[in-house]
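**Q** In the working numbering, the protein residues as written are 3 to 399.
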Ligand code: SAH
């Protein structure tokens, strides 16, 4: 196995079991590992530190896997990690109310660059590192052994694959293809999922708990669901007795699927309005029309893909939330989210405080939303914590 020697003084993160080694921390590579090969990382004196996937195309040159020198990172090692992750989701799926979740969440499940989502009897995978790409035959075999899925679809159309020098993929890995629409159940609400054409791997299952928590406030309320996608917050609010829900999303496919999902759940279409539009434009239209709501959900896409984008993103979050606050009836609720890993909860609260000042409103944070149990945060990898949100009560003055 090829050895990679760390620069003196760069040991701390590795010792603390952070799974990334940046290229700048490497002193020397003894030989020429291929991208995706497993290498042996040593300290400057040659002492063993960890095994990991090597890739010289990526800023993260080594993704660490195992810190015990005596444990071989072989097929069984990968099978164990897959089995451990799948077992960790069994309670979540046990009550039969939910049959869709994230089964494997990359570094958080000790498999850097592998995402596996379950959609009823079908799986969608994203392979984001060359190391995982190399071991995919073993991983697929183990997933088949454990779950016997009807299909496994590779949804690796993420731009992060390019950073690893990998081609984009969008193909079935099993002989059978997933159907155009897979019917799934989340907290007893039905959704049609288009794995091949939908966003990310098809569905945002990370908002499962938050949809339910928000819906508990929706009875009799006039709700606006911004960035609705296929209707996660909309359907939960309608099912919990919302007086009306307006959903806004720029994607035609998302809006079309959302309308189908309303029928699928026998919800009252007369209480629902779907608007295909840019949220920033639509909020201004509501303002001109003097339209107000009791509850507003703001669940935008990632505004800050990196730390360097944080200032700009903070301004965008502030502007969006200021508009949201202005459209609420007095005492209304704003459920606002950020899925930018670079934006931590404290910064997000500051952004909201800033938005409140600009809007001339007072804001109470009444609940903090986070990512659910199938998106764990590994204690040595805080970067995996990306989804956060605040439920705010907004009053004038
Ligand atoms: N709340 C959703 C997930 C939102 S994902 C759920 O519970 O499933 C973000 C959504 O924002 C996507 O559906 C995307 O189509 C939409 N989007 C991105 N930019 C937008 C914009 N400027 N205006 C309206 N929708 C936008």
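The C-beta atom is built at its ideal place from N, Cα and C for all residues, glycine as well. The structure presented is a predicted model; accordingly, all values stated were derived computationally and were not measured.
Would the segment 276-289 count as touching the segment 249-261 if we require 3 or more Cβ pairs under 8 Å?
**A** Contact between the segment 276-289 and the segment 249-261 is present, because at least three Cβ pairs lie under 8 Å.
**Q** Skipping 5 residues on each side, what residues in its chain have a beta carbon closer than 7 Å to that of residue 35?
**A** So the qualifying residues of the chain are 4, 41 and 56.
**Q** Answer yes or no: do residue 220 and residue 242 have a C-beta to C-beta separation smaller than 8 Å?
**A** A contact, by the Cβ cut-off of 8 Å.
**Q** Hey, residue 148 and residue 129: beta-carbon distance below 8 Å or not?
**A** Their beta carbons are not under 8 Å apart, which means residue 148 does not touch residue 129 by this criterion.
**Q** What are the boundary residues of the beta strand (DSSP E) that includes residue 275?
**A** Here the beta strand (DSSP E) through residue 275 covers 274-278.
**Q** State yes or no: is the C-beta of residue 154 within less than 8 Å of the C-beta of residue 137?
**A** In this structure, residue 137 does not lie closer than 8 Å to residue 154 by Cβ.
**Q** Classify residue 199: buried if its beta carbon has 16 or more other beta carbons within 10 angstroms, exposed otherwise.
**A** Per the 10 Å Cβ criterion, exposed.
**Q** From 59, 319 and 44, pick the residue whose C-alpha is nearest to that of residue 133; which is it?
**A** When each option's Cα is compared against that of residue 133, the closest is 59.
**Q** Among 391, 369 and 317, which one has its Cα closest to the Cα of residue 343?
**A** Checked all of 391, 369 and 317; the closest Cα to residue 343 is 391.
**Q** Could you tell me the distance, in whole angstroms, from the CA atom of residue 282 to the CA atom of residue 19?
**A** Approximately 42 Å between the Cα atoms of the pair.
**Q** I'd like to confirm something about residue 301: is its beta-carbon nearer than 7 Å to some heavy atom of ligand 1, or not?
**A** For ligand 1, at least one heavy atom lies less than 7 Å from the Cβ of residue 301.
**Q** Starting from the Cα of residue 315, find the closest Cα among 345, 287 and 291 and give me that residue.
**A** For the residues 345, 287 and 291, the minimum Cα distance to residue 315 belongs to 345.
**Q** Assuming the contact rule is C-beta atoms closer than 8 Å, residue 349 and residue 394 should be a hit. Round their C-beta distance to whole Å, please.
**A** That pair is no contact at about 16 Å.
**Q** Measure the C-alpha to C-alpha separation of residue 288 and residue 214 and round it to an integer number of angstroms.
**A** Those two C-alpha atoms are separated by around 26 Å.
**Q** Buried or exposed for residue 309, going by 16 or more other Cβ atoms inside 10 Å?
**A** Its Cβ having fewer than 16 others within 10 Å, residue 309 is exposed.
**Q** Looking at residue 306: is its Cβ nearer than 8 Å to the Cβ of residue 300?
**A** It is not a contact, given that the beta carbons lie outside the stated cut-off.
**Q** Closest by CA to residue 161, which one among 144, 368 and 131?
**A** When only C-alpha atoms are compared, the closest one is 131.
**Q** Do the segment 178-186 and the segment 104-115 meet, that is, are 3 or more Cβ pairs less than 8 Å apart?
**A** No: the two stretches stay apart, fewer than three of their Cβ pairs being nearer than 8 Å.
**Q** Going by Cα to Cα distance, which pick from 191, 382 and 318 is closest to residue 14?
**A** Out of 191, 382 and 318, 382 has the C-alpha closest to the C-alpha of residue 14.
**Q** Using the rule of at least 16 other Cβ atoms within 10 Å of the residue's Cβ for burial, across every protein chain shown, is residue 170 buried or exposed?
**A** Answer is exposed; the Cβ neighbour count stays below 16.
**Q** Can residue 247 be considered in contact with ligand 1, in the sense that its beta carbon sits closer than 7 Å to one or more heavy atoms?
**A** Answer for residue 247: no, Cβ out of range of ligand 1.
**Q** Using DSSP's beta-bridge definition, name the partner residues of residue 390.
**A** BP columns for residue 390 point to 340 and 372.
**Q** Under 7 Å: does the beta carbon of residue 206 sit that close to some heavy atom of ligand 1?
**A** Yes - ligand 1 has a heavy atom lying nearer than 7 Å to the Cβ of residue 206.
**Q** Over what stretch of residues does the beta strand (DSSP E) that includes residue 68 continue unbroken?
**A** Per DSSP, residue 68 belongs to the beta strand (DSSP E) from 62-68.
**Q** Can we count residue 137 as close to ligand 1, meaning its CB is less than 7 Å from some heavy atom?
**A** No - ligand 1 has no heavy atom lying nearer than 7 Å to the Cβ of residue 137.
**Q** With 16 other CB atoms within 10 Å as the buried threshold, where does residue 73 fall?
**A** Its Cβ having fewer than 16 others within 10 Å, residue 73 is exposed.
**Q** Who are residue 103's beta bridge partners in DSSP?
**A** The partner list for residue 103 (beta bridge, DSSP) reads 120.
**Q** Can you tell me which of the three DSSP states residue 227 falls into?
**A** Residue state, collapsed to three classes: strand.
**Q** Compare the C-alpha of residue 197 against each of 9, 114 and 159 and name the closest.
**A** Of the listed residues, the one whose Cα sits closest to residue 197 is 159.
**Q** With a 10 Å radius around its C-beta and 16 neighbouring C-beta atoms as the bar for buried, classify residue 76 as buried or exposed.
**A** When all chains shown are included, residue 76 counts as exposed.
**Q** Can you tell me whether residue 89 is buried or exposed? The criterion is at least 16 other CB atoms within 10 Å of its CB, across all chains shown.
**A** It counts as exposed.
**Q** Please state the DSSP three-state secondary structure of residue 248.
**A** Of the three classes helix, strand and coil, the one that applies to residue 248 here is strand, per DSSP.
**Q** Can you tell me which of 178, 207 and 179 puts its alpha carbon nearest to the alpha carbon of residue 100?
**A** Of the listed residues, the one whose Cα sits closest to residue 100 is 207.
**Q** So, with DSSP's three-state summary, where would you put residue 2?
**A** Residue 2 is absent from the structure shown; the chain starts at 3 and stops at 399.
**Q** Nearest CA to the CA of residue 38: which residue from 176, 65 and 47?
**A** When only C-alpha atoms are compared, the closest one is 65.
**Q** With distance defined between alpha-carbon atoms, name the residue in 168, 201, 226 and 235 nearest to residue 191.
**A** Minimum Cα distance to residue 191 is reached at 235.
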